[in-house]
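Beneath this line is the structure, given in structure tokens, with notes to follow.
Numbering (this note's numbering), first residue to last: 20 to 352.
This is the structure in structure tokens:
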């Protein structure tokens, strides 16, 4: 006779069990060590009697030699103890594990949401945090992720991505408490909708020839989204560029966006004609570092100076857009 252990996932709604699990439980008798097991009300409703007992691995194994024994839920420690008890017998019973429900990919995110709820309710430090107070930690965790990628430390990357993910869940939890706020499901729903909308070649049957066409479609869809938000005006190609990011990444993003829109190079405050030759991968970092040294030698802050020039470039691109009608346009009416 077998000892059948039915396992369930706490991340799947109670009562949702596999067909095989329902068959095993219906044949009974069923025992469990948890009086508050979430499936008990649903089993009772289905007419399945469950006896709550103190787990005794040796007794379960001995009994299973003479009759079928069904045990609902067993953690790793209990399963190990059952295994030890079985191998100690000369004629051990068959032990079968029947998964009643499985975790889907991403199921452990539910644990993170539950832990965050508990921290927000019971931890004085977590309870008093706001979006504003969490900003330094969001930036710090993002930079730590970057550092592990640059170092090629994939083991550390897993941990740092977890720390960054916590910041997303934390902000969503704070937002949930506001009147008219949102929660982590709203955050996930928004990004899912955006990804589906911006990948019609994956989700809507649009044909593309390669990555370049995917990028072009992406920008077209983003322009349509801006137009929808602005009453038909597609706004500026620079809309959405976070001006608070570090100056070097800000400058790079502004130039990348402007070039995609066809902005002429002459809009750059420092024209290519005045650059000291084309940059290469071998010397670009050295040239940037030398510029930083020169700035310090002149008593200037390179971050401040580059940020000022980046803002000037942003204004020039927007003026060019206004003059040429690109990408500002009305989409009807």
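A virtual CB, placed ideally from N, CA and C, is assigned to each residue, including glycine.
| Asked | Found |
| --- | --- |
| At which residues does the beta strand (DSSP E) containing residue 117 begin and terminate? | 113 to 118 |
| I need the DSSP call for residue 92, collapsed to helix, strand or coil. | coil |
| Which same chain residues end up closer than 6 Å to residue 291 when comparing Cβ atoms and leaving out the 5 residues on each side of it in sequence? | Any reading at residue 291 needs caution, since the residue's pLDDT is 47, under 50, leaving its predicted position unreliable; the model's value is listed next. Correct list, in chain order: 284. |
| How long is the line joining the alpha carbons of residue 288 and residue 332, rounded to whole angstroms? | 6 Å |
| Could you please give the first and the last residue of the uninterrupted beta strand (DSSP E) stretch that includes residue 124? | From DSSP, residue 124 is part of no beta strand (DSSP E); its letter is neither H nor E. |
| Among 118, 300, 301, which one has its Cα closest to the Cα of residue 17? | Residue numbering for the chain in the displayed model covers 20 to 352; residue 17 lies beyond these limits and cannot be assessed. |
| Under 7 Å between the Cβ atoms of residue 168 and residue 89? | no |
| Go ahead and label residue 152 buried or exposed: buried means 16 or more other beta carbons lie within 10 angstroms of its beta carbon, across all protein chains shown. | exposed |
| Could you give the distance in angstroms between the alpha-carbon of residue 226 and the alpha-carbon of residue 279? | 21 Å |
| Could you please give me the residues that DSSP links to residue 21 through a beta bridge? | 113 |
| Ignoring anything shorter than 4 residues, give me the alpha helix (DSSP H) runs that lie fully in the segment 150 to 212, in order along the chain. | 150 to 170, 173 to 195 |
| Using 8 Å for Cβ pairs, my map puts residue 135 next to residue 192. What's the rounded Cβ distance? | 5 Å |
| I'd like to check one pair, residue 74 with residue 104: are the Cβ atoms closer than 7 Å? | no |
| Taking DSSP as the reference, what is the three-state secondary structure of residue 326? | helix |
| Between the beta-carbon of residue 120 and the beta-carbon of residue 27, is there less than 7 Å? | yes |
| Quick one: grab the DSSP three-state call for residue 51. | strand |
| Tell me the rounded alpha-carbon separation between residue 38 and residue 25. | 12 Å |
| Taking 8 Å as the cut-off, does the segment 300 to 313 touch the segment 221 to 240 (at least 3 CB pairs, one atom from each stretch)? | no |
| Does at least one heavy atom of the ligand MG sit under 6 Å from the Cβ of residue 71? | This structure does not include the ligand MG; it has no bound ligands of any sort. |
| Thinking C-beta only, is residue 276 closer than 7 Å to residue 256? | yes |
| For residue 340, is the classification buried or exposed, using 16 other Cβ atoms within 10 angstroms of its Cβ as the cut-off for buried? | buried |
| Can residue 30 and residue 100 be called in contact, C-beta distance under 7 Å? | no |
| Based on Cα-Cα distance, which residue from 21, 67, 246, 44 lies nearest to residue 82? | 21 |
| Enumerate, from N- to C-terminal direction, the unbroken alpha helix (DSSP H) stretches of 4 or more residues contained entirely within the segment 208 to 237. | 219 to 222 |
| With burial defined as no fewer than 16 other Cβ atoms inside 10 Å of the residue's Cβ, what is the status of residue 140: buried or exposed? | exposed |
| Quick one, which of 254, 329, 304, 218 has its alpha-carbon nearest residue 286's? | 329 |
| Can you tell me which of 238, 91, 190, 324 puts its alpha carbon nearest to the alpha carbon of residue 57? | 91 |
| Keeping to the same chain, check which residues put their C-beta closer than 6 Å to that of residue 254; ignore five residues upstream and five downstream. | 245 |
| How many Å lie between residue 243 and residue 236 at the Cα? | 11 Å |
| Tell me, please, which residues DSSP counts as bridged to residue 26. | 118 |
| So, for residue 267: in the same chain, excluding its five sequence neighbours on each side, which residues have a beta-carbon less than 7 Å away from its beta-carbon? | 325 |
| Closest to residue 62 by CA distance: which of 232, 36, 87, 80 is it? | 36 |
| Can the beta-carbon of residue 282 be found closer than 7 Å to that of residue 336? | yes |
| Quick check on residue 285: does DSSP put it in helix, strand or coil? | helix |
| Does the beta-carbon distance from residue 79 to residue 69 come in below 7 Å? | no |
| Quick check: residue 160 and residue 183, are their CB atoms within less than 7 Å of each other? | yes |
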